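Let me begin by presenting the structure, written as structure tokens, before commenting on it.
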Amino acid sequence: YIIVEAAPVDTIPGDPGEQEPEPCDMFIPNAFSPNNDGFNDYFEITCFDDYPNAKIEVYSRWGILLYEQEDYGNSDRWGSTDAWWDGSSNKKMTVGKEKLPMGTYFFILYLNDGSDPITGSVFLNRGN
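The sequence shown maps to residues 15 to 142 in this note's numbering.
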């Protein structure tokens, strides 16, 4: 196959001009693997820059709040890695910042933009 890129008549190929960035759709993964291999180590939501004031709550299958963070995904506030959930608890139900076991967890994501909260589940896989 040959891929040919076509440019509008009034532009020079390779010249970005003043184009608007293409919108991207938010993507919430259904699994992540915080095993320090450099791939999917965080519950990171893509195309999330428009929600710097979002909040997340993560619950066990028994409804116990295990993790909560204001300004979720806001790397300006938290840094690039602390902005996302790493599979550890930050609540008093566990000792310190304890790594949670492999399993399915449930989240409520508040975008704080007037929309309804987003709910779902995520599988935390500690395997290699």
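From the three backbone atoms N, C-alpha and C, an ideal C-beta is built for every residue, glycine too.
Values in this document were obtained by computation on a predicted structure and should not be read as measured data.
Exercise for review: Pull up the distance between the alpha-carbon of Asp130 and that of Phe121, whole angstroms please.
Suggested key: Here residue 130 refers to the residue found at position 116 of the sequence shown. Here residue 121 refers to the residue found at position 107 of the sequence shown. So the alpha carbons of these two residues sit roughly 14 Å apart.
Point to revise | Those runs of the beta strand (DSSP E) which lie wholly inside the region 61-123 and span at least 3 residues | key: Those beta strand (DSSP E) runs which fall completely within the region 61-123 and span 3+ residues are 69-73, 79-84.
**Study point:** Local conformation of Gly134 per DSSP, three classes
**Key:** Taking the first residue of the sequence shown as position 1, residue 134 is located at position 120. The answer is strand: DSSP assigns Gly134 an E or B state.
Check your understanding: Whose C-alpha, out of Leu114, Val136, Pro37, Gly93, is nearest the C-alpha of Asp64?
Key -> The count along the sequence shown starts at 1 and reaches residue 64 at position 50. Answer by Cα proximity: Pro37.
Practice item. Compute the distance between the beta-carbons of Asp55 and Asp100, then report whether it is under 8 Å. Key: Taking the first residue of the sequence shown as 1, we reach residue 55 at position 41. Taking the first residue of the sequence shown as 1, we reach residue 100 at position 86. Yes. Within cutoff.
Point to revise | Counted within 10 angstroms of its Cβ, other Cβ atoms place Ile78 as buried (16 or more) or exposed | key: Against the sequence shown, residue 78 aligns to sequence position 64. Its Cβ having fewer than 16 others within 10 Å, Ile78 is exposed.
Review point. In chain order, what residues of the same chain lie with their CB nearer than 7 Å to the CB of Thr95, ignoring the 5 residues before and after it?
Key: As a first step, residue 95 must be located in the sequence shown, where it is residue number 81. Within the same chain, and ignoring the five residues on either side of Thr95 in sequence, the residues whose Cβ sits closer than 7 Å to its Cβ are Tyr56.
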